[in-house]
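Heads up, the sequence shown is in the working numbering, so the first residue is 5 and it goes up one at a time.
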Amino acid sequence: MRTFSELTKDQLTEAHDSADKLISEKYRSYLPGRLLPLLLRRYRDDLAGALGMPLPELPHRAGPVRAVTLDDLTTAELTDVSGAVLALVTRYADTMGDPALPEFLRDLRDALVIEKAERAGIAAEMRAKAS
């Protein structure tokens, strides 16, 4: 396992920003379960500490988190979430203190890959019908 001291500032920032994006109000509803957001928040806060950043305020929600599925994401949002998950899984999983976090992120990555493939299949089908 790598420690944060082995990462460059740019790597720490990329990992922090990726985790922060996933737990943002915009994408939090798409994360499965309650443990993944909690683990991501803790990881993000640890990265913030390593970067010398102040810890963010505790989140304040405007209302209850509504249950949504990945197919509710726009294509741009799907790409955005996929990029953040991929960065964390492929480049920073070995810096995560909790062994459950990389597992949850891999499961989410797999679900995102399936969603992208389904959308690509639908697009191909529509192109074929249009021809």
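By construction, the Cβ of each residue, glycine as well, lies at the ideal position given by its N, Cα and C atoms.
Would you kindly work out how many angstroms separate the C-alpha atoms of residue i and residue j, rounded to a whole number?
i: Lys30; j: Arg131; result: 31 Å
i: Leu35; j: Pro103; result: 18 Å
i: Leu42; j: Arg48; result: 10 Å
i: Thr17; j: Glu107; result: 22 Å
i: Thr79; j: Glu10; result: 35 Å
i: Leu39; j: Arg32; result: 12 Å
i: Thr12; j: Gly87; result: 20 Å
i: Lys133; j: Val117; result: 24 Å
i: Ala44; j: Ala128; result: A small correction: the amino acid at residue 44 is Leu; Ala does not occupy that position in the sequence shown. Distance between the alpha carbons of Leu44 and Ala128 is about 35 Å.
i: Pro60; j: Ser135; result: 52 Å
Look at the Cβ atom of residue i, then the Cβ atom of residue j, and state whether they are nearer than 9 Å.
i: Lys25; j: Val85; result: yes
i: Leu77; j: Glu122; result: no
i: Val89; j: Leu109; result: yes
i: Asp98; j: Met5; result: yes
Judging by CA-CA distance, which residue of the options is the nearest neighbour of residue i?
i: Val93; options: Asp75, Thr78 and Leu112; result: Leu112
i: Ile27; options: Leu62, Ala124, Met57 and Ile126; result: Leu62
i: Thr83; options: Gln15, Arg6 and Ser22; result: Ser22
i: Thr7; options: Tyr96, Ser135 and Leu105; result: Tyr96
i: Arg70; options: Ile126, Gly37 and Leu59; result: Gly37
Considering only residues of the same chain and omitting the five flanking positions on each side of residue i, which have a CB-CB separation below 7 Å?
i: His20; result: Arg48, Leu51, Ala52 and Leu55
i: Met100; result: Tyr47 and Pro106
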